[in-house]
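Numbering (full-length UniProt numbering), first residue to last: 1 to 116.
For glycine and all other residues, C-beta sits at the position ideal for the given N, C-alpha and C.
Report on one structure; see the data block that follows.
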């Protein structure tokens with residue numbers, strides 16, 4: 001995504017959080033689909049792999065797994081809407097925090113380039 005010396009792990013973290021948000025949104029959208037299996041990304045494992053040199057998409061794919069439901073349903077769907085919504089909200093807050101950090105870093109670099 002970006003130069004790791006400038007943005008550190010935050011560039012990879014932003015890309016992973018974006019992929020996780022899309023996956024959680026897909027789970028929510030399929031809450032009524034019979035047989036749908038909810039999936040999630042183990043964010044810490046994916047970030048470790050991305051920091052170790054793996055591409056972000058490959059790291060996310062390798063850290064992806066199926067969510068185990070607290071209560072089974074008759075149609076085989078494992079999406080628990082309240083769990084998915086909570087995970088989505090937490091991920092959105094973390095995404096925004098990472099984005100804010102990166103915006104601050106870019107602002108600092110721009111100020112340095114302008115000589116301010």
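Close Cβ partners of residue i (< 8 Å) along its chain, the five nearest in sequence each way excluded
i: residue 23; result: 39, 40, 41, 64
i: residue 2; result: In this predicted model, residue 2 has a pLDDT of only 45, less than 50, meaning its place in the structure is not dependable enough to derive any value.
i: residue 75; result: 34, 35
Span of the beta strand (DSSP E), counted from its first residue to its last, around residue i
i: residue 39; result: 39-41
Interface flag, residue i vs chain B, CB-CB below 8 Å
i: residue 75; result: Any reference to chain B falls outside this structure, which holds one protein chain only.
Residues bridged to residue i (per DSSP)
i: residue 110; result: According to DSSP, residue 110 bridges with nothing at all.
i: residue 65; result: 40
Residue i - DSSP class collapsed to helix/strand/coil
i: residue 32; result: coil
i: residue 115; result: coil
i: residue 53; result: coil
i: residue 21; result: helix
i: residue 94; result: helix
i: residue 100; result: helix
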